[in-house]
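Some notes on the structure that comes next.
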Amino acid sequence: MIDLRSDTVTRPTAAMRQAMFAAEVGDDVYGEDPTVNRLEAVAAERLGKEAALFLPSGTMANQVAIRCHTQPGDEVILEAGAHPFHYEAGAAAMISGVLLRLLPGVDGALDPAQVQAAFRGPDVHVAPQTLVCVEDTSNRGGGTPWSLAALDQVAAVAHAAGAATHMDGARLWNAVVATGVPADRRARGYDTVAFCLSKGLGAPVGSLLCGPAALIGRARRVRKALGGGMRQAGFLAAAGLYALDHHVERLALDHARAADLAAGLRGLGLAPSPAPTNMVYVEVEDAPATVEALRARGVLCNAVGPSRLRLVTHLDIDDEDVAAAVDAFRQVRGG
Ligand SMILES: Cc1ncc(COP(=O)(O)O)c(C=O)c1O
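In our numbering, the protein residues as written are 4 to 338.
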């Protein structure tokens, strides 16, 4: 099967498994796992933050951040396609008791003036607006990296209004490779940043939440409260360290393959999204039926609406897979 459903489907390479096998471990809830401690130090350093926390998932990283930045009854401002709204099982309401205020964006990015206009001041009728979240790259926004200017200006607007800022950088390294702007620079305006090891970077498990030492200390307690305290997690952290050392630059290959896939679909008369990183979205007449027809030809992808498909390139997809996927589309379209 050529699995283009998500970049989460990758399996660890032989070299990554070797690094996991050889990891030195301890009890991380006691703070005694040397490999987790090293991963947290490396993540904080690469993001230009004081500290970092290793968590089991991107969802938990986002939710722990929201919990640490807000009080129940607060309002969190996000772009309308944001992951915490669409795909985190209502956790922001369940865990933090916050309102999510969704603003319509373009390719997942918000206009700083629009964020400015969303702040309603200290009126007693209004929920305290204590957090602005951005998603870089934006998943539902086509895998699009934010412009650096918009990232900086949205953060400045939020801080001027007294709100904190959080970046959901599940695919931050894709944005870094696509734009050439380093992670610590993209994240500069953001009090906290979450990034995933288990997407394009190809590790089996894990995300990092990076930010100020005091907040990360509180985040450690929230992680424990949610059952996310892991013990000999160094086996997983070793995969993450390996991924940060070996799988960042190669994301350019995934981006080139997504562009090739989009070009191939265009050649069949379809109108795919521009594919600036590793995602291709394309409209078809009947998405669920197309998913099934492609599956019958050995290609997996996701329907993300009645007529919308998403295809994602990753570590386990090569040039031949891309050519075969285009061919499967050709057959499904009767070409
Ligand atoms: C933008 C974004 N944020 C957060 C997550 C959550 O990551 P996880 O699946 O590890 O919970 C995802 C997962 O696809 C994502 O795409």
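In this text, a Cβ means the ideal position worked out from N, Cα and C, and glycines have one as well.
Endpoints, alpha helix (DSSP H) assigned at residue i
i: V225; result: 216-228
i: F24; result: 17-24
i: F57; result: Element bounds for F57: not the alpha helix (DSSP H) but the beta strand (DSSP E), 54-58.
i: E288; result: Run containing E288: none; DSSP gives neither H nor E here.
i: R333; result: 322-335
i: L273; result: Taken as a continuous stretch (DSSP letters only), L273 belongs to no alpha helix (DSSP H), as it is neither H nor E.
i: A181; result: 175-182
i: I98; result: First-last for I98: undefined, no H or E at that position.
C-beta atoms of residue i and residue j nearer than 8 Å
i: P275; j: V285; result: yes
i: E78; j: V101; result: yes
i: A94; j: C213; result: no
i: N142; j: H72; result: no
i: S210; j: L218; result: no
i: L105; j: F88; result: yes
i: A96; j: P148; result: no
i: L42; j: L303; result: no
i: L264; j: V179; result: no
i: V39; j: F57; result: yes
i: A327; j: I69; result: no
i: M233; j: P37; result: no
i: G356; j: G145; result: Residue numbering for the chain in the displayed model covers 4 to 338; residue 356 lies beyond these limits and cannot be assessed.
Cβ-based neighbour list, residue i, same chain, cut-off 6 Å, excluding 5 preceding and 5 following
i: T316; result: D257, R260, A261, N281
i: A167; result: H72, L134, D194
i: N65; result: P87, D171, A197
i: V329; result: G267
i: V160; result: P115, V118, Q119
i: V12; result: D6
Expected contact under 8 Å - CB spacing of residue i and residue j to nearest Å
i: V137; j: L154; result: 7 Å
i: A152; j: D171; result: At roughly 19 Å, the Cβ-Cβ gap does not stay under 8 Å, so A152 and D171 are not in contact.
i: G220; j: H250; result: About 30 Å separates the two Cβ atoms, so there is no contact after all.
i: I80; j: Q119; result: The Cβ separation is near 11 Å, so there is no contact.
i: L271; j: M63; result: That belief does not hold up - the Cβ atoms of L271 and M63 are roughly 40 Å apart, past 8 Å.
i: G192; j: A158; result: 3 Å
Span of the beta strand (DSSP E), counted from its first residue to its last, around residue i
i: M170; result: 167-172
i: C199; result: 195-199
i: L106; result: 102-106
Own chain residues within Cβ distance below 8 Å of residue i, not counting five before or after
i: A190; result: L50, G51, K52, M170, G172, L175, V196, C213
i: A22; result: A241, A242, L244, Y245
i: V335; result: T293, A296, L297, R300
i: K227; result: V32
i: S310; result: E286, V287, E288, D289, A290
i: P15; result: M23, G205, A206, P207, A242
Residue i Cβ short of 7 Å to ligand 3 heavy atom set
i: N142; result: Because ligand 3 does not appear in the structure shown, any question about it cannot be addressed here, the ligands present being ligand 1.
Residues near residue i by beta carbon distance below 7 Å, same chain, minus five either side
i: G61; result: A173, A197, C199, S210
i: Q156; result: P115
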